[in-house]
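What follows is a single structure, written as structure tokens, with notes after it.
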Amino acid sequence: MTELTPSFDGERPLYEQLYRYIVSQIRSGALAEGEKLPSKRRLAEHLGISLTTVERSYGLLTAEGYLEPHPRSGYRVTPALTMIPTEPPPPPPAKEQREVLNDCFSTSAVDTSVFPYATWARLSKEAVYENPDLLQRGEGQGDWAIRGTLANFLHQYRGVNCTPEQVVLGAGQVGVMWVLLQLLPDAVFALEDPGDVSLRHLLDNLRRPYVPVPVDSRGMEVSALRESGANTAYVTPSHQFPLGVTTPVGRRSELLRWAYEAPGRYLIEDDYDSEFRYSSRPIPAMQGMDEGGRVIYVGTFSRTLAPSIRVAYLILPPPLLEIYRAKFGHSAATVSRFEQETLHRFVATGSYSRHLRRVGQLYRRRRDALVSALSPWGEVRGADAGLHLLFTLPGRREEELVARAAEAGYRVRGLREYCHKSSARPATLVLGFAGLPEEKAAEAAADLRRAFGM
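Structure below.
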């Protein structure tokens, strides 16, 4: 009879730790098939735990087929369960030193240290204890409470005109974009060039057609859009990524006019980084100008709260809402109802607005520190809004700058990484500052300057 001596910690219940330990022993072959285990009472005394704990572990192991009870003989390991590998697995490949790079300039970073942990935990607890119905399936578009709260918030803060019926929640921006692609099966997409590559990758994976359309100092070029043959344009008018330009009202009117010129045309407005502006008040969303139902509004909480809070949303025009209900009317929501309710309370109580003001002030200071550190020896653009800027060094090769930054321990990206067919530009780096502490900006900039030999 084998003695069992697991190591207990405080992270899981004791019965679960004992259960996992015995399973690992069986699957590794340390406990052979047919081998007898200690009696429940003997094992409880040996480990100094309660008899109930051992009974629960043995009961779970028996129910799952790892152990077989034998009358007057105790418990034995079920035959044919051991899985001893014939060869030991190969060791993991050694990591190269260059893989461990400082990501402080990442354009996708957010500072989670300012996440409102206490408020979120309190609201989450209230949601759990006060709403037992949240254990039920819920509405596929998302619960009515969060949709109503979100519609009201977007109207007040972004000038979006919509009803709760038009709001569709989804698990992350890629998730809601996948849903949208199902609603537009015949779409040929116009994508900003340069632009974010995530949608391009999604379209490639789904073999959906798209064409790159150049971006100038006012956003997507409408003349090029007309010549592209596209019928759906994906734009980021509040803060274009990566150029950082803001589309003025005149260009927005031109884009809307293009959409109205032919049936079935749509504009997908990704309100990227619209919450953070440092030189002027936030510009209302283009969706609020749309009187013909041709703008699909896309937003997410991942940038303002935390990347792991994968709640994104669509505001669908009425014609697409009908198609959505026909295709997905019986689907379950892809966002946990507890998370929906917590987010509803967070927005409705004003906690989200206070959080935006707090992080906006933090990111403004970080932007100021980085701009101050970079400006003496290069050109800084696109820093009036959002969480990244462009840093240009004329006369240098972009690939060389990226490589030298990596040698100095920093991961940075060049503007050409986001270009599809757009013409070559001066060597430009796309630098995020949300993950760069204010007091570290001068040091990081000095490291890059030395790396670039300046």
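Following our numbering, the numbering of the sequence shown begins with 1 at its first residue and continues without gaps.
The beta carbon of each residue, even a glycine, is placed where N, CA and C say it ideally should be.
Same chain, Cβ closer than 7 Å to residue i, neighbours up to 5 away in sequence not counted
i: residue 264; result: 231
i: residue 284; result: 158, 159
i: residue 163; result: 151
i: residue 16; result: none
i: residue 319; result: 293
i: residue 278; result: 364, 367, 384, 385
i: residue 98; result: Residue placement at residue 98 is poorly supported in this model, since its pLDDT is 42, which falls under 50; the coordinates are not used for a value here.
i: residue 5; result: none
i: residue 454; result: 377
i: residue 404; result: 451, 452
i: residue 218; result: 245, 247, 248, 251
i: residue 116; result: 351, 355
i: residue 58; result: 40, 67, 75
According to DSSP, residues forming a beta bridge with residue i
i: residue 213; result: 192
i: residue 391; result: 380, 429
i: residue 69; result: 75
i: residue 232; result: 189, 266
i: residue 315; result: 167, 297
i: residue 385; result: 277
i: residue 413; result: 430
i: residue 220; result: 215
i: residue 131; result: For residue 131, which the question treats as bridged, DSSP gives no partner whatsoever.
i: residue 102; result: 410
CB of residue i within 8 Å of CB of residue j, strictly
i: residue 286; j: residue 237; result: yes
i: residue 233; j: residue 262; result: no
i: residue 44; j: residue 77; result: no
i: residue 440; j: residue 212; result: no
i: residue 127; j: residue 301; result: no
i: residue 142; j: residue 168; result: yes
i: residue 315; j: residue 166; result: yes
i: residue 74; j: residue 37; result: yes
i: residue 120; j: residue 342; result: yes
i: residue 352; j: residue 242; result: no
i: residue 435; j: residue 109; result: yes
i: residue 146; j: residue 340; result: yes
i: residue 333; j: residue 138; result: yes
i: residue 347; j: residue 153; result: yes
i: residue 373; j: residue 326; result: no
i: residue 8; j: residue 179; result: no
i: residue 358; j: residue 174; result: no
i: residue 107; j: residue 432; result: yes
i: residue 273; j: residue 297; result: no
i: residue 438; j: residue 369; result: yes
i: residue 49; j: residue 14; result: yes
Nonlocal neighbours in the same chain, by C-beta distance under 6 Å from residue i, ignoring five residues either side
i: residue 396; result: 427
i: residue 96; result: With a pLDDT of 48 at residue 96, under the threshold of 50, the modelled position of that residue is not reliable, and no figure is offered here.
i: residue 54; result: 40, 43, 44
i: residue 330; result: none
i: residue 416; result: 398
i: residue 371; result: 380, 383
i: residue 86; result: Note that residue 86 scores a pLDDT of 48, beneath 50, so its modelled location is shaky; the value from the coordinates is reported in the next line. For residue 86, where only same-chain residues beyond five positions count, there are no Cβ hits under 6 Å.
i: residue 224; result: 213, 214
i: residue 413; result: 430
i: residue 103; result: 411
CA nearest to the CA of residue i, picked from the options
i: residue 61; options: 337, 18, 350; result: 18
i: residue 177; options: 268, 111, 400, 277; result: 268
i: residue 299; options: 291, 309, 293; result: 309
i: residue 182; options: 144, 322, 46; result: 322
i: residue 393; options: 367, 417, 430, 362; result: 430
i: residue 221; options: 240, 358, 26; result: 240
i: residue 70; options: 52, 102, 174, 34; result: 34
i: residue 311; options: 171, 140, 20; result: 171
i: residue 228; options: 209, 217, 246; result: 209
i: residue 401; options: 423, 20, 425, 451; result: 451
i: residue 226; options: 203, 445, 105, 256; result: 256
i: residue 456; options: 362, 413, 247, 443; result: Nothing can be reported for residue 456: it is not among the residues displayed for the chain, which extend from 1 to 454.
i: residue 275; options: 56, 72, 156; result: 156
i: residue 29; options: 66, 259, 258, 251; result: 66
i: residue 197; options: 235, 59, 218, 125; result: 235
i: residue 344; options: 105, 123, 185, 20; result: 123
i: residue 258; options: 288, 295, 282, 280; result: 295
Residues near residue i by beta carbon distance below 8 Å, same chain, minus five either side
i: residue 244; result: 381, 382, 383, 384, 385, 386, 388, 389, 390
i: residue 254; result: 222
i: residue 447; result: 408, 409, 410
i: residue 449; result: 377
i: residue 468; result: Because the chain in this structure spans residues 1 to 454, residue 468 falls outside the shown range and cannot be described.
Self-check item: Every unbroken alpha helix (DSSP H) within the region 133-183, with a cutoff of 4 residues, ordered by chain
Solution: 144-158, 172-183
Practice problem: Tell me the start and end of each unbroken alpha helix (DSSP H) in the region 322-362 that is at least 4 residues and wholly inside, in chain order. | Solution: 337-348
Quiz item: In chain order, which continuous runs of the alpha helix (DSSP H) of length 4 or greater are located wholly inside the region 3-55?
Solution: 14-28, 40-47
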